[in-house]
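Structure record follows, encoded as structure tokens.
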């Protein structure tokens with residue numbers, strides 16, 4: 001049941017109506033049951049994994065807070081984090097590392113036949129594992145008290161709007177909202193939530209899914225495509241992944257708001273960034289802050305001089321790439337971002353424009369950053385390393401082939417819609433609501449156009465959210 | 001009905017929701033009227049995930065729907081196997097090449113076992129595959145998902161849900177719903193190969209596979225592009241290719 005399905009809309013309406021008829025305690029129990037049910041619709045086989053992980057996280061949190069001996073505390077933390085990472089290693093990375101080891105042994109002349117591992121990746125494991133690690137680490141650092149309510153902790157791990165693809169929440173962001181009675185949203189709150197749901201659907205269904213058709217066609221067999229088609233395909237993918245993930249996050253935030261929760265945003269107009277530093281402050285913000293708080297800072301952050309900072313950035317981004325998927329393409333994607341962040345740090349010329357309305361003189365830098373981000377997207381999207389290199393090679397050498405012209409109109413539509421929306425939001429965020437007024441006529445036109453666009457783009461095959469696979 | 005609306009952050013603006021709904025409704029009505037005006041010029045709704053399915057279905061029906069030899073495969077099969085030559089060689093009395101561009105093995109298997117074979121009785125089935133059909137790639141998952149989700153597939157296999165019935169009602173009442181498949185990708189049905197025949201015309205003349213093949217030239221351009229290098233320079237060349245797969 002994806003967020004862009006009719007079933008989800010009906011289910012969400014029913015959950016909201018029922019939840020607000022219950023007392024606070026029963027609401028939490030109800031939402032926990034609904035969240036487990038939501039997960040079971042995806043894949044009931046891994047419900048036990050989610051449950052066991054939650055129980056261990058809950059008990060180890062209490063044990064961690066109760067322990068006074070530093071060695072014992074450290075032992076509990078290490079075993080807890082090792083268990084989480086072990087789950088990820090088995091389910092997500094085992095096949096990748098076994099294959100890699102086999103290849104490595106082959107290089108040194110030892111011919112081995114690696115055992116074939118066909119382990120299905122449990123959906124959402126990357127997200128709830130990171131949240132549970134941050135919970136354990138925050139208790140260890142005495143930043144938070146452990147959650148004593150097993151239902152509240154279970155809901156922190158499994159809350160259905162954010163379960164499958166984030167945002168990756170800090171414990172102190174969600175657990176207090178679960179533990180305290182929530183306010184039923186008033187009319188303004190409901191309208192704001194519905195606005196997020198509508199805009200999320202437009203980004204996902206109208207923009208991302210329409211682009212996905214062309215992206216799939218172009219990336220399926222790059223050897224037959226011209227440099228023009230591959231460039232258009234790469235730009236389409238940049239729009240697709242933004243619309244897809246940002247759309248998902250907005251739907252998740254809208255659904256949570258209807259239930260009285262506030263989830264943090266994940267994006268702040270990332271393609272308006274004039275540097276990779278600014279890009280990572282506005283793209284998948286909850287992942288980048290997790291990587292900063294629980295990986296970059298413990299590694300030493302920027303406290304060990306420029307060289308050490310560059311190494312740390314590289315490690316963090318390589319692991320960030322690997323978090324997205326067990327494959328060389330993701331590793332290289334992370335490596336490109338790490339290298340660019342390190343270079344910006346080395347040159348001291350990183351321009352962070354994430355808190356500025358872009359002006360004309362910034363456009364060349366913005367386009368350069370966007371172009372390099374798109375180069376990295378090729379590795380992210382390509383079906384293999386060879387395919388990624390072939391795509392970049394064909395673009396660089398202006399190879400001929402099929403031009404895939406049917407993708408161009410959708411690319412233009414996506415560019416206009418996403419760019420306009422980003423510029424309007426950036427300006428309203430920084431210059432206040434009066435900079436671009438929301439009038440009834442404007443809202444009416446937007447709602448009408450969005451509704452017609454949703455009808456036109458609905459009815460095709462449902463395209464799963466890109467980030468569900470991570 | 002007047003209220004305030006928050007749109008991220010502390011912004012508050014007065015919005016009259018009755019007016020918003022009225023304007024939104026006016027736009028929806030405008031779109032409906034516009035599409036209804038185009039109704040007779042738009043092609044028929046197929047329900048299949050790609051136009052090649054629809055072309056094949058019409059050609060297969062024109063052949064009597066039950067060839068003696070059936071070829072299943074992707075675009076490689078279209079290039080590699082000519083049923084007319086197999087018929088000439090006496091392998092079968094009639095043949096049809098039901099190739100699906102870019103189809104992975106799982107799509108071919110699903111389509112053959114649930115769509116083709118239950119309603120045909122070929123004496124010989126040729127499954128033409130290459131290593132690429134067995135790749136596990138996201139785009140191939142998409143191909144399978146698209147086939148499974150298509151309304152035509154669900155209709156043929158009898159797997160219609162209540163949502164399909166709701167959709168039928170909406171399509172019957174609204175031109176925008178009915179033609180959304182075409183509106184979504186208008187370039188696929190109007191292009192360089194000349195004006196397309198109206199649906200009525202194409203059905204009226206669908207007495208032979210050749211005539212069916214000529215009815216949707218520009219959509220086949222899309223098929224041709226997606227099929228790869230063979231037809232990229234001349235979209236209309238696919239017509240000849242499609243014709244050559246029938247006999």
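Residue numbers (my numbering), protein chains in the order written: chain H, 1 to 470; chain R, 1 to 247.
Ideal Cβ positions, reconstructed from N, Cα and C, are used throughout, including at glycine.
Quick caveat, the model's predicted, so the values are computed rather than measured.
Helix, strand or coil at residue i [DSSP, three-state]
i	result
residue 251(H)	helix
residue 363(H)	helix
residue 303(H)	coil
residue 195(R)	Any reading at residue 195(R) needs caution, since the residue's pLDDT is 30, under 50, leaving its predicted position unreliable; the model's value is listed next. Reduced to three states, the DSSP call for residue 195(R) is coil.
residue 14(R)	strand
residue 311(H)	helix
residue 193(H)	helix
residue 57(R)	helix
residue 156(H)	helix
residue 147(H)	coil
residue 262(H)	coil
residue 431(H)	helix
residue 251(R)	In the structure as shown, chain R begins at 1 and stops at 247. Residue 251(R) is therefore absent and cannot be evaluated.
residue 163(R)	helix
residue 79(H)	helix
residue 353(H)	coil
residue 444(H)	helix
residue 283(H)	coil
residue 181(R)	helix
residue 69(H)	coil
residue 13(H)	helix
residue 471(H)	For residue 471(H) there is no data in the structure shown, the boundaries of chain H being 1 and 470.
residue 246(H)	helix
residue 88(R)	helix
residue 142(R)	helix
residue 161(H)	helix
residue 48(R)	coil
residue 39(R)	helix
residue 186(H)	coil
residue 148(R)	helix
Residues that residue i bridges to, as DSSP identifies them
i	result
residue 225(H)	402(H)
residue 26(R)	None, per the DSSP bridge assignment.
residue 126(R)	71(R)
Cβ neighbours of residue i in the same chain (closer than 7 Å, five flanking residues each side left out)
i	result
residue 283(H)	267, 270
residue 30(H)	18, 19, 22
residue 531(H)	Because chain H spans 1 through 470 in this model, residue 531(H) falls outside it and cannot be assessed.
residue 183(H)	260
residue 312(H)	296, 299, 300, 301
residue 173(H)	264
residue 93(H)	326
residue 223(H)	390
residue 154(R)	160, 164
residue 112(R)	72
Cut-off 6 Å between Cβ atoms - residues of its own chain near residue i, not counting five sequence neighbours on either side
i	result
residue 94(R)	67, 68
residue 123(R)	68
residue 430(H)	357
residue 124(H)	163, 164
residue 84(H)	129, 132, 133
residue 334(H)	317, 318, 320, 321
residue 86(H)	none
residue 146(H)	61, 62, 65, 139
residue 225(H)	218, 401, 402
CB-CB length for residue i against residue j, believed under 8 Å
i	j	result
residue 383(H)	residue 219(H)	7 Å
residue 178(R)	residue 45(R)	6 Å
residue 385(H)	residue 329(H)	6 Å
residue 155(H)	residue 35(H)	7 Å
residue 467(H)	residue 248(H)	7 Å
residue 89(H)	residue 229(H)	The Cβ separation is near 39 Å, so there is no contact.
residue 176(R)	residue 455(H)	5 Å
residue 234(H)	residue 410(H)	Between residue 410(H) and residue 234(H) the Cβ distance is about 14 Å, and since that is not below 8 Å, they are no contact.
Own chain partners of residue i with C-beta closer than 8 Å, once the 5 adjacent residues on each side are dropped
i	result
residue 457(H)	205, 206, 209, 210
residue 137(H)	77, 81, 294
Please give the ranges of any alpha helix (DSSP H) in the region 18 to 65 of chain H, keeping only runs that are unbroken, at least 4 residues long and fully inside the region. 24 to 43
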